[in-house]
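Student:
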Amino acid sequence: MSSSAKGYAASSSTDALTLIKFRLKDLLPDEVEVAIDHCGLCGTDLSYIKDKFQITEYPFIGGHEIVGRVVKLGSNVTDLSLDQKVGIGFYRGFCNSCSFCNSGNENLCSSKESTIASHGGFSDKIRVQGKACIKIPDTMNYKNVSPLLCAGITVYSPLVEYNVSQSSKVAVIGIGGLGHIAVMFLKKWGCEVTAFTSTESKKADALHFGADRAIGTYDTDQKTHYNEYFDLIFNTIEEDLNWNELLNLLKPNGRLHFLGLPRNKISFDIINLLRFQKTISASIVGSPSRISNMLNFASKNGISPETEHFHFSDINKAISRLKDGKIRYRAVLSWNT
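Counted from 1, the sequence shown has number 210 at position 184 by my numbering; the numbering is strictly sequential.
See the structure below:
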């Protein structure tokens with residue numbers, strides 16, 4: 027049975043978002059309906075609004091860092107209950123039959139459906155597979171959970187995937203919405219953390235978030251003191267960098283890992299990888315079970331993103347601040363503030 031909902035939609039790549047009414051699709055047996063309380067605003071949402079990837083269909087309702095309460099259950103959903111607080115990340119559904127789904131790697135399913143493929147979290151209701159809903163620990167700050175469902179899992183997943191040890195020395199390039207959460211997770215993981223930022227005022231912030239030191243991103247002289255120093259480098263920014271210079275900072279067997287999409291194609295000297303078995307890799311988000319583990323880790327270790335809160339009616343103000351790089355450090359939209 028369908029029902030009505032409301033949400034903030036972009037009618038084109040240039041228009042401001044406006045409140046519209048729409049109909050939810052019929053609730054399937056394996057789905058739940060969630061009443062949305064909070065939703066994070068991510069740079070990826072802006073990319074879709076602007077049709078950066080040339081796949082956006084308008085009117086477009088973004089939002090993929092959703093926190094809310096279960097209000098309807100499909101007939102086959104047995105592991106969730108009404109009024110339960112849940113989170114929904116970048117994916118709203120999976121085929122549940124491929125080898126990746128069967129091995130707990132649903133985020134790699136070729137038939138996965140993104141949360142914003144139909145309409146996303148800039149709305150008051152959403153219907154998704156029950157499997158895509160992650161229970162939120164009662165000990166967490168409910169209003170601040172949203173950014174962890176995208177940025178948090180994007181940082182946490184490679185720590186698990188690549189068996190990052192507590193003794194690892196890790197660099198984070200960029201202290202923004204993603205990078206500041208990376209510093210938090212890495213420090214609580216037990217790593218030695220070096221923050222690289224091109225914004226002088228963010229150096230103090232990085233230390234506050236747990237970094238052991240903060241260095242200018244483009245300070246070549248200072249960076250040379252850290253040649254062959256790091257086990258892992260997380261790059262969180264889209265700007266072009268000297269990739270060979272970064273690879274020089276890695277120890278043998280070190281890894282340069284991209285947590286976002288660079289603005290342009292990258293190029294590097296393959297000899298940097300060949301001689302010392304260095305690796306370049308990339309990833310975003312993670313499976314539902316890994317998101318659940320991430321939330322438990324964050325809850326246990328008191329990890330809570332630095333956020334600015336906006337009522338949904340101020341969504342265009344929040345978007346403007348994010349575009350201008352003024353958000354410190356993640357924006358969260360709420361129906362009730």
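We put the CB at the ideal spot given by N, CA and C, even for glycine.
Quick caveat, the model's predicted, so the values are computed rather than measured.
1) Could you have a look at R239 and say whether DSSP puts it in helix, strand or coil?
2) Answer yes if the stretch 218 to 233 comes into contact with the stretch 168 to 179, meaning at least three C-beta pairs across the two stretches below 8 Å, and no otherwise.
3) CB-CB under 7 Å to A42, same chain, minus the five flanking residues each way: which ones, in chain order?
4) Under 8 Å, do K249 and G280 count as touching if we go by C-beta distance?
5) Got a sec, what are the start and stop residues for the beta strand (DSSP E) R356 sits in?
6) Note the first and the last residue of the continuous alpha helix (DSSP H) segment covering H206.
7) Under a Cβ-count criterion, where at least 16 other Cβ atoms within 10 Å of its own Cβ denotes burial, should N133 be classed as buried or exposed?
8) Where DSSP assigns a beta bridge to F86, which residues make up the other side?
9) Thinking Y74 and G203 are a contact (beta carbons under 8 Å), I'd like their distance in whole angstroms, please.
10) With DSSP as the reference, please indicate the residues paired to K111 in a beta bridge.
11) Classify Q369 as helix, strand or coil using the three-state DSSP reduction.
12) In angstroms with no decimal places, state the Cα-to-Cα distance between D247 and T223.
13) Tell me which same chain residues have a C-beta within less than 6 Å of the C-beta of D77, skipping the five on either side of it?
14) Within the same chain, show all residues whose beta-carbon is closer than 8 Å to that of Y244, passing over the 5 residues directly before and after it, in chain order.
15) Within a Cβ cutoff of 8 Å, which residues of the same chain sit near R118, ignoring the five residues on either side of it in sequence?
16) For D71, count neighbouring C-beta atoms within 10 Å of its own C-beta (all shown protein chains included) and say buried if the count is 16 or more, exposed if not.
17) Look at the alpha carbon of C124 and the alpha carbon of S313, and state the distance between them as a whole number of angstroms.
18) Tell me L67's beta-bridge partners as DSSP assigns them.
19) If I measure Cβ to Cβ from V103 and keep anything under 8 Å in the same chain, skipping five residues before and after, which residues do I get?
20) Between the stretch 81 to 92 and the stretch 59 to 68, are three or more C-beta pairs nearer than 8 Å?
21) When DSSP labels each residue in this structure, what does L258 get in the three-state scheme?
22) Just the C-alpha distance for N128 and C135, rounded to the nearest angstrom, thanks.
Tutor: On the basis of the coordinates in this document:
1) strand
2) no
3) N342
4) no
5) 356 to 360
6) 205 to 215
7) buried
8) A36
9) At roughly 16 Å, the Cβ-Cβ gap does not stay under 8 Å, so Y74 and G203 are not in contact.
10) R95
11) Examination of residue 369 is not possible in this model, given that the chain is present from 27 through 363 alone.
12) 15 Å
13) S39
14) S224
15) E139, S140, T141, A143, S144, I152, V154, Q155, A158
16) buried
17) 14 Å
18) A357
19) P55, D56, E57, V58, G156
20) yes
21) strand
22) 10 Å
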